[in-house]
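One structure is given here, and the rest of the page talks about it.
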Amino acid sequence: AILGAHKYLHRVVAALCTGCELCIPPCPVDCITMVEDPAHPAMMDKDRARERFVAHTARLDARTREREALLAERERAVLGGG
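First residue of the sequence shown? That's 258 in our numbering, and the numbers climb one at a time after it.
Below you can see the structure in the form of structure tokens.
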């Protein structure tokens, strides 16, 4: 999680950071650098965090496809039955 507001420094909240690096590409001012920090060994492994993100995205995509298929089937039933 990144905090900050106009004229305030942005910072990463270490307790919430998984190290997945997904915040780097969308950063509008290109100011994020990931550095290994031995002071935070409880941080989730970045590869594991990225795998979880990919799995989560795949689940969301599957749900979206299932919902679209269901809605299309219902629409066909309404149009075909009317």
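Don't be surprised by glycine CBs; every beta carbon is placed ideally from N, CA and C.
Any chance the region 306-314 sits against the region 268-287, with 3 or more Cβ pairs inside 8 Å?
yes
Using only the alpha-carbon positions, how far apart do residue 311 and residue 317 sit?
Position 54 of the sequence shown, counted from the start, is the residue given in the question as residue 311. Position 60 of the sequence shown, counted from the start, is the residue given in the question as residue 317. Each residue's alpha carbon lies about 10 Å from the other.
Can you tell me whether residue 284 is buried or exposed, with buried defined as 16 or more other CB within 10 angstroms of its CB?
Taking the first residue of the sequence shown as position 1, residue 284 is located at position 27. That one is exposed.
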